[in-house]
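Be aware that the sequence shown starts at 2, since it is given in this note's numbering, and climbs by one per residue.
Cβ coordinates follow ideal geometry from the N, Cα and C atoms, glycine included.
Working notes, structure below.
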Amino acid sequence: MVPIKLKGRTISRGCAEGEVLLSRDPISFLGSVDPKTGIVVEEKHSLAGKSIKGKILVFPHGKGSTVGSYVMYQLKKNGAAPAAIINLETEPIVAVGAIISEIPLVDMLEKNPYELLKDGNIVLVNGSEGYIELIKPEGSKAEK
């Protein structure tokens with residue numbers, strides 16, 4: 002299989018490869034994610050009870066308080082942050098959080114990521130060059 006590559010806009014530089022965790026719900030890092038564990042604690046969120054730790058976190062945009070940027074920084078310091086983030090369109094809270102936490106972040110892809118990505122896909126996020134690459138559509142669980 003030839004990897005699928007989509008260009009986007011660099012928000013936070015760096016590269017990370019990992020398993021996709023996808024949500025169609027916006028995320029407020031303040032109050033929605035436990036900064037010690039990386040588990041989504043917002044009861045009605047589509048990712049409730051799931052860990053974002055080490056994942057390629059895909060969500061449309063952030064929401065909520067400016068303190069969310071510092072919660073992202075806490076997640077990174079606690080080893081519970083996502084490996085990288087893909088947004089439809091990043092707003093300032095998530096942008097600042099990703100930059101200060103050195104979490105690669107790309108948004109505004111040339112194709113809607115929800116049409117391409119699914120939970121478990123293996124994706125490379127290259128925030129330095131502004132693209133994502135779908136490495137393995139089946140995800141790590143499909144290996145046999």
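In this structure, does DSSP put residue i in helix, strand or coil?
i: Glu18; result: strand
i: Gly39; result: coil
i: Ser70; result: helix
Tell me which same chain residues have a C-beta within less than 8 Å of the C-beta of residue i, skipping the five on either side of it?
i: Ser33; result: Val41, Val42, Glu43, His46, Gly65
i: Gly80; result: Lys54
i: Tyr74; result: Gly98, Ile101, Ser102
According to DSSP, which residues form a beta bridge with residue i?
i: Phe30; result: Phe30 pairs with nothing; no bridge assigned.
i: Glu134; result: Lys6, Leu125
i: Leu23; result: Val59
i: Ser47; result: DSSP lists no partner for Ser47.
Here's a check: name, in chain order, each residue in its chain whose Cβ is nearer than 6 Å to the Cβ of residue i, leaving out the five neighbours to either side.
i: Glu134; result: Pro4, Lys6, Leu125
i: Leu48; result: Ser24, Val41
i: Arg1; result: There is simply no residue 1 to check, as the chain begins at 2 and stops at 145 in what is shown.
I need the boundaries of the alpha helix (DSSP H) containing residue i, first residue and last residue.
i: Ala96; result: 93-102
Would you give the residue range spanned by the beta strand (DSSP E) that residue i belongs to?
i: Asp108; result: 106-108
i: Ser85; result: This sequence places Ala at residue 85; Ser is not what is there. Per DSSP, Ala85 belongs to the beta strand (DSSP E) from 85-88.
For residue i, collect the residues of the same chain with a Cβ closer than 7 Å to its Cβ; drop the 5 residues on either side in sequence, then sort them by chain order.
i: Asp120; result: Val21, Leu22, Leu23
> Just checking, does the region 56-74 make contact with the region 85-97 on the three C-beta pairs under 8 Å criterion?
Replying inline: Flag = yes, the region 56-74 and the region 85-97 touch.
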